[in-house]
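Residue numbers (mature numbering (1 follows the signal peptide of the UniProt record, and there is no 0)): -19 to -1, 1 to 99. For each residue, glycine too, the CB sits at the ideal point set by N, CA and C. Below: one structure, written as structure tokens.
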């Protein structure tokens, strides 16, 4: 019985190790804003997804992150705003099909977008 329990727990840990986070390449809407300025800090977010979890990472603490996921026909599939002050914002999205999607982020006055497929 102990051996069976050990095998079950080991298989659960193994399945968790197989999951991988995939980075979504983000582009800024206004390319002229990408000029580095020594006087101000710029927000450069990184978006990743792993099955039905999307994470937004940032090099500095941000709040009021709005996320919109659209399908290829420009229909809104998911929309949410996180008002938490954090460097990592996590969103759970269910029922994404094996299709291409557009991720749109709005952080303050900055907008970013990226494409991914599930």
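Using 10 angstroms around the beta-carbon of residue i, count the other beta-carbons present and answer buried if the total reaches 16, otherwise exposed.
i           : result
residue 75  : exposed
residue -16 : exposed
residue 93  : buried
residue 86  : buried
Apart from the five residues just before and just after residue i, which ones in its own chain have a Cβ nearer than 7 angstroms to its Cβ?
i          : result
residue 43 : 24 and 88
residue 64 : 44 and 45
residue 52 : 58, 80 and 82
What is the residue span of the beta strand (DSSP E) that residue i lies within?
i          : result
residue 44 : From DSSP, residue 44 is part of no beta strand (DSSP E); its letter is neither H nor E.
residue 61 : 57 to 63
residue 86 : 81 to 88
residue 73 : 67 to 73
residue 54 : Per DSSP, residue 54 belongs to no beta strand (DSSP E) and is neither H nor E.
residue 31 : 27 to 31
residue 91 : 91 to 98
Can you tell which of the options has its C-alpha closest to the C-alpha of residue i?
i           : options             : result
residue 47  : 53, 60 and 55       : 60
residue 102 : 3, 39, -14 and 28   : Coverage of the chain is limited to positions -19 through 99, which leaves residue 102 absent and any answer about it impossible.
residue 67  : 56, -10, 36 and -11 : 36
Considering only residues of the same chain and omitting the five flanking positions on each side of residue i, which have a CB-CB separation below 8 angstroms?
i           : result
residue 96  : 5, 6, 81, 82, 83 and 84
residue 34  : 71, 72, 73 and 74
residue 3   : 29, 30, 31 and 97
residue 137 : Here the chain has residues from -19 to 99 only, and residue 137 is not among them.
Please list, in chain order, all residues of the same chain as residue i whose beta carbon is under 6 angstroms from its beta carbon, the five residues on each side excluded.
i          : result
residue 99 : 77 and 79
residue 40 : 25
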